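Chains as they are written, first to last, in my numbering: chain A, 138 to 355; chain B, 10 to 271.
Idealized CB from N, CA, C, for every residue including glycine.
These figures come from a predicted structure and were not determined experimentally.
Working notes for the structure below.
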Amino acid sequence: MFLQSLEYILMGTGVTVAVTLIALPFGFLLGLLLALVRVYGGRVAGYVVGFYSTTMRGIPPVVLLFIIYFIIAGSINISPFLAGSLALGIISSAYQLEIFRGALQAVGAGQMMAARSIGMSRLQAIRHIIIPQALRLAIPPWSNEAATVVKDSSLVYAIGVPEILRRAQFISARTYRPFLAFTIAALIYFALTFLTNRLLDFVEARTRIPSLHEMGEV
Amino acid sequence: MNERTNQQPIIEVIDLHKRYGDREVLKGISLRVYEGETVVIIGPSGTGKSTLLRCINLLTKPDRGVIKLDGVEITTPGTDEDKVRQHIGMVFQDFLLFNHLTVLNNVMIGLTKVLRMDPKEAEARAIKELERVGLGDHIHQYPGQLSGGQKQRVAIARSLAMDPRVILFDEPTSALDPELIGEVLEVMRMLAQEGMTMIVVTHEMGFAREVADRIIFIEKGVIVEEGPPDEMFYRPKVERTREFLWKITELYGHRKESEPHP
Numbered sequence: 138m139f140l141q142s143l144e145y146i147l148m149g150t151g152v153t154v155a156v157t158l159i160a161l162p163f164g165f166l167l168g169l170l171l172a173l174v175r176v177y178g179g180r181v182a183g184y185v186v187g188f189y190s191t192t193m194r195g196i197p198p199v200v201l202l203f204i205i206y207f208i209i210a211g212s213i214n215i216s217p218f219l220a221g222s223l224a225l226g227i228i229s230s231a232y233q234l235e236i237f238r239g240a241l242q243a244v245g246a247g248q249m250m251a252a253r254s255i256g257m258s259r260l261q262a263i264r265h266i267i268i269p270q271a272l273r274l275a276i277p278p279w280s281n282e283a284a285t286v287v288k289d290s291s292l293v294y295a296i297g298v299p300e301i302l303r304r305a306q307f308i309s310a311r312t313y314r315p316f317l318a319f320t321i322a323a324l325i326y327f328a329l330t331f332l333t334n335r336l337l338d339f340v341e342a343r344t345r346i347p348s349l350h351e352m353g354e355v
Numbered sequence: 010m011n012e013r014t015n016q017q018p019i020i021e022v023i024d025l026h027k028r029y030g031d032r033e034v035l036k037g038i039s040l041r042v043y044e045g046e047t048v049v050i051i052g053p054s055g056t057g058k059s060t061l062l063r064c065i066n067l068l069t070k071p072d073r074g075v076i077k078l079d080g081v082e083i084t085t086p087g088t089d090e091d092k093v094r095q096h097i098g099m100v101f102q103d104f105l106l107f108n109h110l111t112v113l114n115n116v117m118i119g120l121t122k123v124l125r126m127d128p129k130e131a132e133a134r135a136i137k138e139l140e141r142v143g144l145g146d147h148i149h150q151y152p153g154q155l156s157g158g159q160k161q162r163v164a165i166a167r168s169l170a171m172d173p174r175v176i177l178f179d180e181p182t183s184a185l186d187p188e189l190i191g192e193v194l195e196v197m198r199m200l201a202q203e204g205m206t207m208i209v210v211t212h213e214m215g216f217a218r219e220v221a222d223r224i225i226f227i228e229k230g231v232i233v234e235e236g237p238p239d240e241m242f243y244r245p246k247v248e249r250t251r252e253f254l255w256k257i258t259e260l261y262g263h264r265k266e267s268e269p270h271p
């Protein structure tokens with residue numbers, strides 16, 4: 138009974154992971170692009186991106202999911218799984234945009250000036266000097282957003298995608314043992330976010346720039 | 010300067026104006042810098058010295074006036090600014106090394122990405138420049154692992170590697186601990202002797218007196234007086250020059266490497 142429930146809910150893990158693996162990179166690319174436009178794209182483009190960010194972050198993800206899902210599903214013929222994943226990616230892009238904006242600004246105008254002073258174009262400076270430093274700074278807050286997306290992937294349950302939460306609810310309704318069903322779901326989500334954070338800690342450690350401070354000499 | 014009149018200056022600035030809001034920082038600066046010259050610009054802070062340097066390598070856009078590099082105007086619209094900056098090196102007060110790159114890559118990146126040099130060739134050139142500033146043993150370290158003096162020497166090597174026509178120094182020793190200033194000035198002195206053309210904004214009067222071919226005193230956005238160090242220090246034509254030089258020497262001039270040789 139328990140094992141059967143566990144197995145059935147675990148089968149949703151693949152879907153949850155797949156939703157996350159679409160939403161997170163999609164949100165990353167869109168978020169980074171929008172952050173670059175926000176910081177380097179001039180006043181008008183900056184305002185447009187600012188409006189996008191403020192609006193998206195001011196609406197609950199599940200409401201946005203429905204709105205975006207029905208826009209996507211209404212215009213092109215794709216599965217709820219793909220539409221839901223892309224919608225989550227779009228929602229995440231607004232949060233990732235703010236993470237990358239902060240990171241880009243934290244790199245500082247001086248780095249841009251130094252890059253330009255040796256003859257780099259603006260684009261070269263952004264690509265070779267600014268982004269490599271900004272991405273490193275972005276890892277800790279991005280790790281938080283990654284965990285959020287893993288958990289928010291449960292929202293696609295609302296549009297009928299058979300991921301962990303939907304399966305747990307099914308088990309709960311069929312066996313009348315909601316505690317068991319949702320505890321299993323909770324444990325799987327926890328394991329996923331935990332692994333995600335560990336993975337990103339590893340990436341952070343691997344990409345850390347050596348300095349006197351980290352060598353313990355200061 | 011008179012014997013230079015038939016020679017083309019490397020940098021020529023004509024009637025440069027720059028205003029930030031309602032504050033006019035540069036009020037008509039004109040100057041010429043010739044090949045192999047070391048020109049030191051002095052003046053109280055906030056008088057537009059840094060702005061002048063940033064205008065010269067087009068990091069700041071002047072409101073009015075003309076700047077020429079090797080006789081070609083670079084302030085006309087449509088100038089390829091990136092190309093111009095390849096030929097004008099700049100060393101900043103706060104070093105501005107690329108923090109995510111090793112010392113070697115800091116010097117190489119301009120060669121590989123801007124000049125599109127072959128990596129092997131670029132590496133050899135970068136190592137040569139780093140050895141020139143005495144940092145041949147530190148090429149695999151990161152900026153965060155260096156002292157301020159070492160960082161500034163990497164910044165100088167980064168400029169040198171691009172083989173510029175002129176290097177602008179914007180208070181290169183102002184952010185350094187006193188005991189680290191000497192090593193940076195030593196490198197600059199060597200460059201001057203080797204014939205590098207340099208425009209140096211600094212408060213180091215010892216350096217100015219020993220190394221400068223010419224000192225330009227700027228205050229409130231205009232050139233008050235300019236001339237060879239001896240004239241500026243001992244026979245200034247303007248009373249304000251004497252006053253400023255006396256005061257600044259009092260403040261900064263008592264370090265060992267800045268001691269005058271009477």
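Original post:
For alanine 164 of chain B versus phenylalanine 101 of chain B, is the C-beta distance shorter than 8 Å?
Top reply: yes
Subject >> Inter-residue spacing [alpha-carbon to alpha-carbon] between serine 309 of chain A and leucine 225 of chain A >> reply: Using only the alpha carbons, I get a separation of about 26 Å.
Original post:
Rounded to a whole number of angstroms, what is the C-alpha to C-alpha distance between glutamate 130 of chain B and valine 156 of chain A?
Top reply: 47 Å
Subject >> Min CB distance glycine 119 of chain B to chain A below 8 Å >> reply: Taking Cβ atoms only, chain A reaches closer than 8 Å to glycine 119 of chain B, which makes this a yes.
Original post:
Taking one C-beta from the region 146-159 of chain B and one from the region 43-51 of chain B each time, how about it: are there three or more such pairs within less than 8 Å?
Top reply: no
Subject >> Interface flag, arginine 273 of chain A vs chain B, CB-CB below 8 Å >> reply: yes
Original post:
Within this structure, are the beta carbons of valine 231 of chain B and lysine 36 of chain B separated by less than 8 Å?
Top reply: Contact flag set, yes.
Original post:
Among A:Arg335, A:Ile267, A:Pro299, which residue has its Cα nearest to the Cα of valine 176 of chain A?
Top reply: A:Ile267
Original post:
Can you tell me the Cα-Cα spacing of aspartate 24 of chain B and glutamine 17 of chain B, whole angstroms?
Top reply: 18 Å
Original post:
Applying the criterion that 16 or more other CB atoms from any shown protein chain within 10 Å of the CB defines a buried residue, is arginine 63 of chain B buried or exposed?
Top reply: buried
**OP:** Tell me where the beta strand (DSSP E) around serine 313 of chain A begins and ends.
**Re:** Sequence check: residue 313 of chain A is tyrosine here, not serine. Taken as a continuous stretch (DSSP letters only), tyrosine 313 of chain A belongs to no beta strand (DSSP E), as it is neither H nor E.
Subject >> Partner residues on chain B for leucine 234 of chain A, Cβ-Cβ distance less than 7 Å >> reply: Neighbours of leucine 234 of chain A on chain B: none; closest Cβ ~22 Å, over 7 Å.
Original post:
Residues in the region 153-185 of chain B with C-beta within 7 Å of chain A's C-beta atoms, listed in sequence order?
Top reply: Gly153, Gln154, Arg167, Met171
Original post:
From glutamine 159 of chain B to leucine 144 of chain B, what distance separates their C-alpha atoms?
Top reply: 7 Å
Original post:
Can you find at least 3 beta carbon pairs, one from the region 177-196 of chain A and one from the region 281-294 of chain A, that sit closer than 8 Å?
Top reply: no
Subject >> Under 9 Å from the C-beta of phenylalanine 7 of chain B: neighbouring residues of chain A >> reply: Because chain B in this structure spans residues 10 to 271, residue 7 of chain B falls outside the shown range and cannot be described.
Original post:
Under 8 Å, do leucine 194 of chain B and glutamate 213 of chain B count as touching if we go by C-beta distance?
Top reply: Pairing leucine 194 of chain B with glutamate 213 of chain B gives a Cβ-Cβ distance under 8 Å.
Original post:
Taking the Cβ atom as the reference point for each residue, do serine 258 of chain A and aspartate 239 of chain B lie within a distance shorter than 8 Å?
Top reply: No, the pair does not count as a contact, with Cβ atoms beyond the cut-off.
Original post:
From leucine 337 of chain A to glycine 30 of chain B, what does the alpha carbon distance come to, in whole angstroms?
Top reply: 46 Å
**OP:** Give a yes or no on whether 8 Å exceeds the smallest Cβ distance from histidine 147 of chain B to chain A.
**Re:** no
**OP:** Taking only beta-carbon positions, decide if isoleucine 276 of chain A is within less than 8 Å of chain B.
**Re:** It does not: the Cβ of isoleucine 276 of chain A has no partner Cβ on chain B nearer than 8 Å.
Subject >> 8 Å contact criterion, which leucine 234 of chain A and leucine 171 of chain A should meet: CB distance rounded >> reply: 4 Å
Original post:
Sorted by chain position, which residues of the same chain lie with C-beta nearer than 6 Å to leucine 202 of chain A's C-beta, five sequence neighbours on each side aside?
Top reply: Ala224, Leu292
Original post:
If the cut is a Cβ gap below 9 Å, which residues of chain B does isoleucine 266 of chain A touch?
Top reply: Phe107, His109, Leu110, Ile118
**OP:** Using a Cβ-Cβ cut-off of 8 Å, state whether isoleucine 346 of chain A counts as contacting chain B.
**Re:** yes
**OP:** Please say whether serine 290 of chain A and alanine 160 of chain A have beta carbons closer to each other than 8 Å?
**Re:** yes
Original post:
What residues of chain C sit near lysine 122 of chain B, judged by a beta carbon separation below 7 Å?
Top reply: Within the model displayed, chain C is absent; protein chains A and B are what it includes.
**OP:** Please check if any C-beta of chain B sits within less than 8 Å of the C-beta of proline 269 of chain A.
**Re:** yes
Subject >> Residue burial classification, lysine 122 of chain B (beta-carbon count within 10 angstroms, cutoff 16) >> reply: buried
Subject >> Outcome for phenylalanine 339 of chain A when other beta-carbon atoms lying within 10 angstroms are tallied against a minimum of 16 >> reply: exposed
**OP:** Quick one: which unbroken alpha helix (DSSP H) runs of 4-plus residues sit fully inside the region 166-251 of chain A? Chain order, please.
**Re:** Segments of the alpha helix (DSSP H) lying fully in the region 166-251 of chain A: 180-194, 198-212, 217-244.
Subject >> Through-space distance from leucine 106 of chain B to serine 358 of chain A, alpha-carbon basis >> reply: Missing from the structure shown is residue 358 of chain A; chain A here goes from 138 to 355 and no further.
Original post:
Is the distance from the Cβ of phenylalanine 372 of chain A to the Cβ of valine 298 of chain A below 8 Å?
Top reply: The question about residue 372 of chain A has no answer here: the residues shown for chain A are numbered 138 through 355.
Original post:
Do three or more CB pairs link the region 76-91 of chain B to the region 240-247 of chain A at distances below 8 Å?
Top reply: no
**OP:** Please confirm if the region 323-337 of chain A is in contact with the region 178-185 of chain A, defined as three or more CB-CB distances below 8 Å between the two stretches.
**Re:** no
**OP:** Step through the CB atoms of chain A and report whether any lies within less than 8 Å of the CB of aspartate 91 of chain B.
**Re:** yes
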